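Single-structure report; data block below.
In the numbering used here, the protein residues as written are 8 to 87.
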């Protein structure tokens with residue numbers, strides 16, 4: 008396995024297999040693929056998650072570890 012860093016190829020000393028299991032504390036993940044949290048802003052004006060949000064994550068549930076988006080708890084907490 009070769010890794011390119013700053014236009015130089017180096018041989019990796021270990022092979023990281025994305026599809027191998029990973030132990031994280033009490034969790035054993037089926038692979039090393041993760042979806043980072045996204046700020047999609049699809050909650051209602053009252054900050055309640057919507058069905059479209061549930062559908063979005065359900066469609067991706069087989070991929071690996073999913074870290075779902077945050078839902079603001081107040082207007083002042085929406086910093087984006």
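Note that the Cβ used here is the ideal one computed from N, Cα and C, for glycine as well. Remember, predicted model here, so these are calculated numbers, not experimental data.
Between residue 74 and residue 33, the C-beta gap is not smaller than 8 Å, which leaves the two residues out of contact. Rounded to whole angstroms, the Cβ separation of residue 71 and residue 37 is 7 Å, and the two are in contact under 8 Å. Counting along the chain, the unbroken beta strand (DSSP E) around residue 35 starts and ends at 34-36. Taking 8 Å as the upper bound for CB-CB distance, residue 65 and residue 56 are not in contact here, some 12 Å apart. Sequence-distant Cβ neighbours of residue 27 in its own chain, meaning closer than 8 Å and more than five residues away, are 38, 39.
Across the structure, residue 83 and residue 77 are spaced so that their CA atoms are roughly 14 Å apart.
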